[in-house]
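Chemist: Submitted below is the structure of interest, expressed as structure tokens.
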Amino acid sequence: MPDLFPDFSRRSTEAEIMDGDDYTLEEIGSAYANLRKVNKYLGGTSALLRHLVPLMEASGSRRVTILDVGAGSADIPQAIVCVARQKGIDIQMVAVDASPHAIATASENIRGFPEIHLVQAQALQVPFADNSFDFVIASELLHHLTVETGAAFLRLLNRIGRVAFLINDLRRHPIPYYSFWVLSHLFTTNRISRNDGLVSILRGFTPEDLRELQRRSGLTDLSVHFRFPYRVVIVGSATKAPRHEA
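Per my numbering, residue 13 is the first one in the sequence shown, and the count goes up by one each step.
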């Protein structure tokens, strides 16, 4: 469990419970349900849609293809498809996750969503060629990675996406940390949610972290947006010749 008074000046390296296998099926199922609520009510889904939907609309009448890496239980792909349906956008999505529990949960959730196809694969080993999708997205996955691996991940998304890639993650700051501590103790007894939510925030990003990540990636056409409440959205226009930094 994270400290009551952690060091916010640097990213934590503590592992999340969900990244291991020390949990029951009931616990992990409840944790995925809680993540869906967090994305819905604490800005994860809306932060991404704010930047993705205008790009989808600009694609015109042709089919839009989107890859979601680290899709979890597929709540964000579902939200994207719902918006696409409302706006009359022809869309096809592939949702990837490394966890068999996530894939099993997502397969139940996406009944009635033929636009979404599930693939089990590691984030850095997704089985797709360069320029395979119009857009590539990743929500709350980047904070699981070190700066070196994160930079490689950005380059991977840049290669796969024809138009752009978008990353939605967390800003490291005391306010969301202590706010989440209170909310998690009010609304859930799930130990994974309580622990991993706090660890995720401590593994999140400051503006300085993101500048270093961009430098390491060698990608120049990136924009960083900070959205309420303490969300970070990175938008990268697809460029195929990144500069590699040491």
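No residue lacks a Cβ here, since even glycine has one placed at the ideal position from N, Cα and C.
None of the values given here were measured: they were computed from a predicted structure.
L210 lies in the alpha helix (DSSP H); which residues open and close that run?
Modeler: Position 198 of the sequence shown holds residue 210. Note, L210: alpha helix (DSSP H), 203-214.
Chemist: How many angstroms separate the CA atom of A45 from the CA atom of A114?
Modeler: To locate residue 45, count along the sequence shown from 1; it is residue 33. To locate residue 114, count along the sequence shown from 1; it is residue 102. The alpha-carbon atoms of A45 and A114 are separated by roughly 11 angstroms.
Chemist: For E219, tell me which candidate among E160, V106, V65, L182 has the shortest Cα-Cα distance.
Modeler: Translated into positions along the sequence shown, residue 219 becomes position 207. Glu is not the amino acid found at residue 219; the sequence shown has Pro there. Nearest to P219 by alpha-carbon distance, out of E160, V106, V65, L182, is L182.
Chemist: Write down every uninterrupted run of the alpha helix (DSSP H) in the stretch 109-174 whose length is 4 residues or greater and which is fully enclosed by it, in chain order.
Modeler: 112-121, 159-172
Chemist: In this structure, does DSSP put G56 in helix, strand or coil?
Modeler: Position 44 of the sequence shown holds residue 56. Helix, per DSSP.
Chemist: For L169, which residues of its own chain have a beta-carbon under 8 angstroms away from its beta-carbon, when the five flanking residues on both sides are left out?
Modeler: As a position in the sequence shown, residue 169 is number 157, starting the count at 1. So the list reads V81, V148, A150, F177, I179, G248, once near-sequence residues are dropped.
Chemist: Using alpha carbons as the reference points, say which of E160, A250, E69 lies closest to D142.
Modeler: Residue mapping note: residue 142 aligns to position 130 of the sequence shown, counting from 1. Closest by alpha carbon: A250.
Chemist: Return the first residue and the last residue of the beta strand (DSSP E) that R243 is part of.
Modeler: In the sequence shown, counting from the first residue as 1, residue 243 sits at position 231. From DSSP, the beta strand (DSSP E) with R243 extends over 243-249.
Chemist: Would you identify the three-state DSSP class for A45, choosing helix, strand or coil?
Modeler: Position 33 of the sequence shown, counted from the first residue, corresponds to residue 45. In the structure shown, A45 sits in a helix (DSSP, three-state: H, G or I).
Chemist: Cα separation between R23 and A83?
Modeler: In the sequence shown, the residue the question calls residue 23 occupies position 11. In the sequence shown, the residue the question calls residue 83 occupies position 71. Pairing R23 with A83, the inter-Cα distance amounts to about 23 angstroms.
Chemist: Rounded C-beta distance between I92 and R75? I'm assuming under 8 angstroms.
Modeler: Walking along the sequence shown from the start, residue 92 turns up at place 80. Walking along the sequence shown from the start, residue 75 turns up at place 63. Actually they do not touch by this definition, with Cβ atoms about 14 angstroms apart.
Chemist: Quick test of your reading: P186 and L54, contact by CB under 8 angstroms. State the CB separation rounded to the nearest angstrom.
Modeler: For this step, residue 186 is matched to residue 174 along the sequence shown. For this step, residue 54 is matched to residue 42 along the sequence shown. Going by Cβ atoms, the distance from P186 to L54 rounds to 16 angstroms, so no, they are not a contact pair.
Chemist: Over what stretch of residues does the beta strand (DSSP E) that includes D80 continue unbroken?
Modeler: One-based indexing of the sequence shown puts residue 80 at position 68. 76-81 is the extent of the beta strand (DSSP E) around D80.
Chemist: Start and end of the alpha helix (DSSP H) containing T222?
Modeler: Mapped onto the sequence shown, residue 222 falls at position 210. The residue you asked about is not Thr; residue 222 is Leu in the sequence shown. It spans 219-229 - the alpha helix (DSSP H) in which L222 sits, taken as one unbroken run.
Chemist: Using only CA atoms, which one of E127, E28, L79 lies nearest to A135?
Modeler: Along the sequence shown, one-based indexing puts residue 135 at 123. The shortest C-alpha separation from A135 is found at L79.
Chemist: Compute the distance between the beta-carbons of G162 and L225, then report whether it is under 8 angstroms.
Modeler: Here residue 162 refers to the residue found at position 150 of the sequence shown. Here residue 225 refers to the residue found at position 213 of the sequence shown. In contact: G162 and L225 (Cβ atoms closer than 8 angstroms).
Chemist: Do you know how far the Cα of Q137 is from the Cα of I172?
Modeler: Stepping through the sequence shown from its first residue, residue 172 is reached at position 160. Stepping through the sequence shown from its first residue, residue 137 is reached at position 125. Spanning the two alpha carbons is a distance of roughly 12 angstroms.
Chemist: Compute the Euclidean distance between the alpha carbons of S21 and S196, then round it to the nearest angstrom.
Modeler: Position 9 of the sequence shown holds residue 21. Position 184 of the sequence shown holds residue 196. Going from the Cα of S21 to the Cα of S196 covers about 23 angstroms.
Chemist: Would you tell me roughly how many angstroms separate the C-alpha atoms of L154 and G216, rounded to the nearest one?
Modeler: Position 142 of the sequence shown, counted from the first residue, corresponds to residue 154. Position 204 of the sequence shown, counted from the first residue, corresponds to residue 216. Between L154 and G216, the C-alpha separation is close to 8 angstroms.
Chemist: Comparing C-alpha positions only, which one of A110, P126, S85, S42 sits nearest to A133?
Modeler: Stepping through the sequence shown from its first residue, residue 133 is reached at position 121. That would be A110, whose Cα lies nearest to the Cα of A133.
Chemist: Does the Cβ-Cβ distance between F165 and T77 come in under 8 angstroms?
Modeler: For the purposes of this step, residue 165 is identified with residue 153 of the sequence shown, where counting begins at 1. For the purposes of this step, residue 77 is identified with residue 65 of the sequence shown, where counting begins at 1. For F165 and T77, no; Cβs fall outside 8 angstroms.
Chemist: Would you check if the distance between the CB atom of E127 and the CB atom of M105 is smaller than 8 angstroms?
Modeler: Position 115 of the sequence shown, counting from 1, holds the residue named residue 127. Position 93 of the sequence shown, counting from 1, holds the residue named residue 105. Taking 8 angstroms as the Cβ cut-off, E127 and M105 qualify as a contacting pair.
Chemist: Tell me, please, which residues DSSP counts as bridged to M105.
Modeler: Residue 105 sits at position 93 when you count from the first residue of the sequence shown. For M105, which the question treats as bridged, DSSP gives the partners I78, I128.
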